[in-house]
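Each residue of the sequence shown is one higher than the last, beginning at -14 in our numbering.
Data block below; observations after.
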Amino acid sequence: MKKLTKSKTVKNAIKQILPAPTKKQVSTQIVVATLEKKAMPLIRQLSSVSAIKTQEQFNHVATILKNLKELARLADIEEKTITSPLNEALKATKAHFKPFKEKIETFETQFKLQMSVFLKQNKKRIEQVGIDYSSGKIKKISTYTDRVNELQVKSENAKVRKVWKVEIVDATAIPREFLIPDMVKIRQACENGEAPKGVNYIQVDSIAI
């Protein structure tokens, strides 16, 4: 029996752990390598261009970019042969679990609201205990402390903590630097011939390859 060297033993162990590349993966690697091989001469030509100063250079660069975009398009097609089935599988899996998760979220929202109401009511009870103690209705500090401790919410599964929350009380009073223009709505208004104040609807050069 032939004795395996240490390095061969390790390699065999790795092969058992790592899945062998599928035919599709190998095919994709070949396509990427082919596309990269075709793109490299074009990329080298672009790298040699420091500035576009003539119409001829402009057209030359446009031609190279168009060829590179075509290679990118072919890469996109190859990529989708892999990602499309995965996306469909992911979509189907999410749809399968969605009803159950939504049901849990509905219960959580519903009962968290009830728990919040309870906390507010309990807070008022604690405040009333303080008023009763200040007014002399509760005589002993120990009685006051005991009643407050009894009203404190204690739960191993629900942690009550203080968090900061932004609440808009007057939207018109918010400074301009905190307001983000709705560019989609503004553009739509401009296209309808109703450009809002403070906006110019102008034409600019846009290069399409």
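Every residue, glycine too, gets a C-beta built ideally from N, C-alpha and C.
For residue i, the first and last residue of its enclosing alpha helix (DSSP H)
i, result
"Tyr118", "Gln40 to Ser120"
"Val169", "Met168 to Glu176"
As assigned by DSSP and simplified to three states, the class of residue i
i, result
"Gln137", "coil"
"Asp131", "helix"
"Glu21", "helix"
"Gln188", "coil"
"Glu162", "helix"
"Arg146", "coil"
"Ala36", "coil"
"Lys193", "What sits at residue 193 in the sequence shown is Ala, not Lys. Reduced to three states, the DSSP call for Ala193 is coil."
"Ala180", "coil"
"Ile153", "coil"
"Ile15", "helix"
"Ile123", "coil"
Cβ-Cβ distance between residue i and residue j below 9 Å
i, j, result
"Leu53", "Leu27", "yes"
"Val133", "Val114", "yes"
"Glu63", "Val17", "yes"
"Ile194", "Ala180", "no"
"Ile123", "Asp117", "yes"
"Leu31", "Leu59", "no"
"Thr19", "Ile67", "no"
"Ala143", "Met100", "yes"
"Leu104", "Val148", "no"
The ligand ZN heavy atom lying under 8 Å from the CB of residue i
i, result
"Thr128", "Questions concerning the ligand ZN fall outside what the structure shown contains, since it holds no ligand whatsoever."
Sequence-distant residues of the same chain with beta carbon closer than 7 Å to residue i, five excluded per side
i, result
"Val189", "none"
"Arg110", "Leu136"
"Asn107", "Leu136 and Val138"
"Ile37", "Phe43 and Val46"
"Asn177", "none"
Residues near residue i by beta carbon distance below 6 Å, same chain, minus five either side
i, result
"His81", "none"
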